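Chains as they are written, first to last, in the working numbering: chain C, 1 to 148; chain E, 1001 to 1148. Beta carbons are placed, not taken as given, at the ideal position from N, Cα and C, and that holds for glycine. The model shown is predicted, which means the values in this text are computed figures rather than measured ones.
Number of protein chains: 2
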Amino acid sequence: MDIRGLNGQFNSTLDEKGRILLPSKLREQLKDCSLVLTRGIDKCLWLFPEGEWSKISHLLLDRSSLFKAKSQMIQRRLLAPATELTIDKNGRLKIPSSLQRSAGLIRDCLFIGLDDHVEIWDEEQYVEFEEKCESEVKDAWEEFGDLG
Amino acid sequence: MDIRGLNGQFNSTLDEKGRILLPSKLREQLKDCSLVLTRGIDKCLWLFPEGEWSKISHLLLDRSSLFKAKSQMIQRRLLAPATELTIDKNGRLKIPSSLQRSAGLIRDCLFIGLDDHVEIWDEEQYVEFEEKCESEVKDAWEEFGDLG
DNA sequence: CTACAAATTCCCACTTTTTCCCACTATCAT
DNA sequence: ATGATAGTGGGAAAAAGTGGGAATTTGTAG
């Protein structure tokens, strides 16, 4: 199914068994979708409704070739780690341990809605990342204004 | 048999006898195929379902010539090391020691599904390789976005 | 051709991880 | 209070993963 309008920022904690509660607002929006989780471009995970993900993955696969180093790398980095998730009876997701590690998830996490997908960050990692980007945000904002 | 849609990223360990467990999801997908293992282009091994491998190997042979140094090189590097594997009763593969050496497999390994084949990396080698490629991935991703 | 060592295969047993359920607490509105 | 939703934790069965001994094959030197 195709979902848009995912938004909001929520805290949630990962337990020792690698489970994390999907915040209720997101759960509400996503309850009828299959979900796909994969590594994001930054140090986070991306959670997609299956419909949105399949658009992206097909586009990538169509353009990829065993003979092109770049497309192989994109496949390794984004397509391969993708895994289908289900929401358990308590509304939680099980994050595979390899994905926990790649995003550096420890315990306190952040869900960030980005319209067609949701990012999952380790809270500490995210604060760090945001600081690092603060100056870039200002530049990006000015640049953005020039386009209008 | 012809298999597509191989994906996922899995850890597995090579034991002292050169055996490695094929992760259960891949095992499920590959249980009815003969498998071919050969050296990959990067420092890894390539595991192909026989059907996909035969496409590739024929393609390579068709384009190659005794008189061209490059095609001889490709034959030596990719076709010659190819060996047929079987899955044992416990779901493991026996990796010939020459292939272990060429990919630098020690103990902790990574299986990476790439649609029509699976790569087998030494974990440490892969982490190193990925770091080296991280910026390239970001560029490729932006480029990809411009096409959509 | 035989005898011995090395390597491979087969099989069993153990450990770890994952999955499925259920129980408990907290908060809020009725 | 009471019942509903949100959030946490943990036990136990099942599945996945790991190691190693014994049997069998292979290869080699006498």
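Query - Among D108/C, M73/C, L14/C, I3/C, nearest to K1132/E - alpha-carbon criterion - result: M73/C
**Report entry** Run of the alpha helix (DSSP H) containing C109/C, from where it starts to where it stops
**Finding:** Segment 108 to 113 is the beta strand (DSSP E) holding C109/C; no alpha helix (DSSP H) there.
Query - DSSP state of E119/C mapped onto helix, strand, coil - result: strand
Query raised in the report: Using 7 Å as the limit for Cβ to Cβ distance, is C1133/E near chain C?
Result: yes
Report task. Give the straight-line distance between the Cα atoms of Q125/C and A1082/E, rounded to the nearest whole angstrom. Result -> 43 Å
Query raised in the report: In this structure, does DSSP put R1101/E in helix, strand or coil?
Result: helix
Query raised in the report: Tell me which same chain residues have a C-beta within less than 6 Å of the C-beta of W53/C, skipping the five on either side of it?
Result: V36
Report task. Would you mind working out which of L1066/E, C1044/E, P1096/E, D1108/E sits nearest K1017/E, comparing C-alpha positions? Result -> P1096/E
Requested in this report: Anything in the stretch 1033 to 1054 of chain E with a Cβ closer than 7 Å to a Cβ of chain C? List those residues in chain order, please.
Outcome: none
Query raised in the report: How many angstroms separate the CA atom of R1107/E from the CA atom of N1011/E?
Result: 10 Å
Report task. Assign G40/C to one of two classes, buried (16 or more other C-beta atoms within 10 Å of its C-beta) or exposed (fewer than that). Result -> buried
**Report entry** Cutoff 7 Å: R27/C Cβ touching any chain E Cβ
**Finding:** no
Query raised in the report: Roughly how far, in whole angstroms, is the beta-carbon of I20/C from the beta-carbon of L93/C, given that I think they are within contact range, below 8 Å?
Result: 6 Å
**Report entry** Below-7 Å beta-carbon distance, I185/C vs any chain E residue
**Finding:** The shown model of chain C, from 1 to 148, leaves out residue 185/C, and the question about it has no answer.
Requested in this report: Taking 8 Å as the threshold, find out whether the stretch 1019 to 1034 of chain E comes into contact with the stretch 1056 to 1064 of chain E through three or more Cβ pairs.
Outcome: no
**Report entry** Straight-line gap, L147/C to E119/C (C-alpha atoms, nearest Å)
**Finding:** 27 Å
Requested in this report: With I1020/E as the anchor, note down where its alpha helix (DSSP H) starts and where it stops.
Outcome: First-last for I1020/E: 1019 to 1021, but that is the beta strand (DSSP E), not the alpha helix (DSSP H).
Requested in this report: Write down the C-beta distance between L1114/E and W1121/E rounded to the nearest angstrom, noting that I regard them as a contact closer than 8 Å.
Outcome: The pair is not a contact, with the Cβ atoms about 12 Å apart (cut-off 8 Å).
Report task. Tell me, please, whether the CB atom of P23/C is closer than 7 Å to any CB atom in chain E? Result -> no
Query raised in the report: So, is the C-beta of Q1009/E closer than 7 Å to a C-beta in chain C?
Result: yes
Requested in this report: Please state if the CB of L1099/E and the CB of L1045/E are separated by a distance shorter than 7 Å.
Outcome: yes
Report task. Measure the CB-CB distance between I1112/E and R76/C and report whether it falls below 7 Å. Result -> yes
Query - beta strand (DSSP E) runs wholly inside the stretch 22 to 52 of chain C, at least 3 long, in chain order - result: 35 to 39, 45 to 49
Requested in this report: Note down, in chain order, every chain C residue with its Cβ under 8 Å from the Cβ of E1136/E.
Outcome: K70, M73
Query raised in the report: Quick one: Cα of T1086/E to Cα of F1144/E, how far?
Result: 38 Å
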